[in-house]
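The structure appears right after this line, and notes come after that.
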Amino acid sequence: MLDNQPDNRSSDAWDAQNQIAQLTAMNQFLSQLSASVLEFDVFLKELVTGIVNHVRCDRAILLITNEQEAALEYSFSNYQLPSPDRQAELSALRLSVYQADHDPLLDAWLAGEPVMVQTDLISPSSTGGWLAQFIQSNQFLSVPFIHNVNLIGVVLVDNPVSGVPVTAEHQAALMALAGQAAILLHNAQAHQRIVRKLADSVTEMSILRQIDRELSDTIDLRHVFKMTLDWVLRFTNAQAASIALYNQETDELRFVAEYGYDIPGEQLATLRQEYGPGIALRVARNGHAEIVPDVSMDKDFVPITSSTRSQVAVPVMREDRVVAVITVESKRLNGFSEQNLDFIEKLATRAGVAIDNARLYDEAVREREKLSLILSNTADIVMAVGLDDRLILLNQSALAALHLYLNESYVGLNIFDAVDHTPLLDMYRRAKALGENLVEEVLLPNGRIFHANLQFNPSLGWIVVMHDITPFKEMDKLKSELIATVSHDLKQPLSVMNGYIELLLMQQAVANQGMHSVQMIRRSIQSMRQLIDDLLDLAKIESGIQLKLTPVQINTVITDCIDSLRPAAQNKSMTIIAETNNNLPPVTGDYDRLRQILMNLINNAVKYTPPEGKVMVCAEKRGNMLRVAVQDNGLGISPEDQIHIFDRFYRVRRPETDSIEGTGLGLAIVKSLVEAHRGQISVESTLGRGSTFYLMLPLAEENLQDGPS
Numbered sequence: 144m145l146d147n148q149p150d151n152r153s154s155d156a157w158d159a160q161n162q163i164a165q166l167t168a169m170n171q172f173l174s175q176l177s178a179s180v181l182e183f184d185v186f187l188k189e190l191v192t193g194i195v196n197h198v199r200c201d202r203a204i205l206l207i208t209n210e211q212e213a214a215l216e217y218s219f220s221n222y223q224l225p226s227p228d229r230q231a232e233l234s235a236l237r238l239s240v241y242q243a244d245h246d247p248l249l250d251a252w253l254a255g256e257p258v259m260v261q262t263d264l265i266s267p268s269s270t271g272g273w274l275a276q277f278i279q280s281n282q283f284l285s286v287p288f289i290h291n292v293n294l295i296g297v298v299l300v301d302n303p304v305s306g307v308p309v310t311a312e313h314q315a316a317l318m319a320l321a322g323q324a325a326i327l328l329h330n331a332q333a334h335q336r337i338v339r340k341l342a343d344s345v346t347e348m349s350i351l352r353q354i355d356r357e358l359s360d361t362i363d364l365r366h367v368f369k370m371t372l373d374w375v376l377r378f379t380n381a382q383a384a385s386i387a388l389y390n391q392e393t394d395e396l397r398f399v400a401e402y403g404y405d406i407p408g409e410q411l412a413t414l415r416q417e418y419g420p421g422i423a424l425r426v427a428r429n430g431h432a433e434i435v436p437d438v439s440m441d442k443d444f445v446p447i448t449s450s451t452r453s454q455v456a457v458p459v460m461r462e463d464r465v466v467a468v469i470t471v472e473s474k475r476l477n478g479f480s481e482q483n484l485d486f487i488e489k490l491a492t493r494a495g496v497a498i499d500n501a502r503l504y505d506e507a508v509r510e511r512e513k514l515s516l517i518l519s520n521t522a523d524i525v526m527a528v529g530l531d532d533r534l535i536l537l538n539q540s541a542l543a544a545l546h547l548y549l550n551e552s553y554v555g556l557n558i559f560d561a562v563d564h565t566p567l568l569d570m571y572r573r574a575k576a577l578g579e580n581l582v583e584e585v586l587l588p589n590g591r592i593f594h595a596n597l598q599f600n601p602s603l604g605w606i607v608v609m610h611d612i613t614p615f616k617e618m619d620k621l622k623s624e625l626i627a628t629v630s631h632d633l634k635q636p637l638s639v640m641n642g643y644i645e646l647l648l649m650q651q652a653v654a655n656q657g658m659h660s661v662q663m664i665r666r667s668i669q670s671m672r673q674l675i676d677d678l679l680d681l682a683k684i685e686s687g688i689q690l691k692l693t694p695v696q697i698n699t700v701i702t703d704c705i706d707s708l709r710p711a712a713q714n715k716s717m718t719i720i721a722e723t724n725n726n727l728p729p730v731t732g733d734y735d736r737l738r739q740i741l742m743n744l745i746n747n748a749v750k751y752t753p754p755e756g757k758v759m760v761c762a763e764k765r766g767n768m769l770r771v772a773v774q775d776n777g778l779g780i781s782p783e784d785q786i787h788i789f790d791r792f793y794r795v796r797r798p799e800t801d802s803i804e805g806t807g808l809g810l811a812i813v814k815s816l817v818e819a820h821r822g823q824i825s826v827e828s829t830l831g832r833g834s835t836f837y838l839m840l841p842l843a844e845e846n847l848q849d850g851p852s
């Protein structure tokens, strides 16, 4: 029987004084309990102990409502059952609050009403009868704890030791405690949730820091996948998990790691191929995480294992795009909480960075291997020297050409120690001293001649690329020797031909009508001799001409050339002007060759300038060099012709130049002679406005201390 009005037979024993004292003690106890900051388990123990002491009963059992499960669960009791098995059963006590048949005991608790349960008056199959049997009690009093009309707990009290019946006095005392106890229990639960949340946050932060360390220590994609799945299963207590990479262009998932499945990987792949990737593909497409509390209700779920009841799928993002999906499966319905989802999302963020880093590293390794393969199979010498003069890269061709040991690693060594026996080091020193790129020819210890290009990169250092030009040099030498031999052999018959022409003219053996033909032959012989002389001169220069270097006053050379060419200019009514400073320092050079250079340039200016034109020759000091400019207002040179103007046998072909004689070797000889003087030559020109050729010649050594002007 459920009796909401207990027996009042012993109520007369309670007098007013005892009631006041008891209430005062209860209030003092509750005040002390509310003022104490206790751990939740300690609070429950103190609350149950206080109920036993103030209600004056043998036993109190506290049940607390689990809101998520909608059930009352055993929380604490001051009384231990004699059997460990029975005590374990009591600790597992769980009672559903809401039942379809509207159980009277549960309805009373939900209404906030106390209930006295006596086993001899109720059905054993009822909730009260089952509960009495479960706690092994013939009679107990139950009082609900209500807070804001919500049931948050129930306390059961009885006297299993003394056997004294529970009376109205017990109920009155317990009811006096219940209201304030409910508030304290609610506050303790709230405090416990906050403490637990803080503890979970600290634990999560610690776990995430550990994950960050572990992920940052690896660049192996497989290890990243393994660690990610290990942590997600460890935190969620799920049964299985997988990672699939997503290709947005093809809209395909490729599963790359799985853990916890009880079937082989080949069978997993077959099942996914047959049924599709399931929920994971949906998440990859929309980019939003999903918790599926009951997979049987989701049409996209693929039953990889029959034991899966719930699933969570989280996208792995990089720069607003999905690169992978983490899928976790549980054997329990509604097996994942929002906290689980939050952790997996944080883990996915870290995994995304690690996956991207690992992917970039793999790509870098592949590119480095590709570059290494290319460099090791190229015939050119390739080197890289860091800003600290240490070798960064050295290919196989460099090792062979520099006579270095093939089985040793020179990366990291100082270049001054590694290649101190080669002319390359002198070129490197000069490039560093000048702070500019250099292109030169270098003779290496293996006897080969290389075209060396030193380029500076601010973020890397010096990049050295050297191409073997020995075959071209040998071919050029053979060509020069051939030209010299053929030219020398051609001069003899030309001399004979010219001699007989002179004899014919002296003897006047040719009629007047034949004199024009003889003069044409004579002019052609002279042109041929000039061509041969130019070829011989060019061959001599390119084979390494020995210059007679002395301090030379450039004004003297300019005046000499202008005086020699003035008659030719006057024939065209042209003016040649020299604008120079008499105080110009001397240059280091060969007087005859400097005269040959300027004669050629001034003569070209006269030839390619129309009548009544003007040619100007200027000279000035520029730093440790002397600049000479030969300027005319003639025909000019087009940009496409300027590229080849210093090439051998190259002539500008235009209607205006067809009548001008020349071999196409003059400027090639000039360039070779200028470079032999360690100088430079360049041209600036515009069609119809004339041309200016610039010479840069080094000053004599005794003039260098003056510094730039």
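So the sequence shown is numbered by the working numbering: it starts at 144 and just counts up by one. The beta-carbon is built from N, C-alpha and C at its ideal position, and this holds for glycine as well. On a predicted model such as this, the values are computed, not experimentally measured, just so you know.
How many Å lie between residue i and residue j at the Cα?
i    : j    : result
E232 : Q261 : 22 Å
A325 : L206 : 12 Å
S716 : V700 : 23 Å
S285 : S174 : 23 Å
V760 : M671 : 30 Å
K764 : S602 : 36 Å
V367 : R502 : 11 Å
K369 : D505 : 17 Å
P858 : K575 : Missing from the structure shown is residue 858; the chain here goes from 144 to 852 and no further.
F172 : E189 : 10 Å
A333 : R397 : 45 Å
A383 : R475 : 12 Å
L810 : L838 : 12 Å
L567 : L816 : 25 Å
V195 : E212 : 28 Å
V528 : W605 : 5 Å
L708 : L647 : 31 Å
A251 : P287 : 9 Å
Since residue i is in the alpha helix (DSSP H), which residue starts that stretch and which ends it?
i    : result
V240 : Careful: V240 lies outside any alpha helix (DSSP H) and carries neither H nor E.
Q785 : 782-785
V813 : 809-819
R428 : 422-429
A251 : 247-253
Looking at the structure shown, is residue i part of a helix, part of a strand, or coil, going by DSSP?
i    : result
L274 : helix
S280 : coil
R794 : coil
S268 : coil
Q230 : helix
L830 : coil
P114 : The shown model of the chain, from 144 to 852, leaves out residue 114, and the question about it has no answer.
T167 : helix
G495 : helix
F172 : helix
N641 : helix
T628 : helix
Where do the ends of the beta strand (DSSP E) carrying residue i lie?
i    : result
V309 : Per DSSP, V309 belongs to no beta strand (DSSP E) and is neither H nor E.
F479 : It is not in any beta strand (DSSP E) - F479 carries neither H nor E in the DSSP assignment.
L294 : 293-301
A772 : 768-775
Q857 : Absent from the structure is residue 857, since the part of the chain shown begins at 144 and ends at 852.
Y217 : 214-220
I434 : 433-435
V260 : 258-261
By DSSP's criteria, residue i is part of a beta bridge. Which residues make up the other side?
i    : result
H610 : H594
Q410 : In DSSP, Q410 forms no bridge with anything.
T835 : Q774, E827
L840 : L769
F288 : G296
E763 : R770
Whole alpha helix (DSSP H) elements within the segment 175-203, 4-residue minimum: 183-198
4 or more residues per run - each alpha helix (DSSP H) lying fully within the segment 358-407: 364-379
Beta strand (DSSP E) runs contained entirely in the segment 687-758, provided each spans 3 or more residues: 693-695, 718-722, 730-732
Contiguous beta strand (DSSP E) assignments of at least 3 residues, all confined to the segment 524-590: 524-529, 534-537, 581-586
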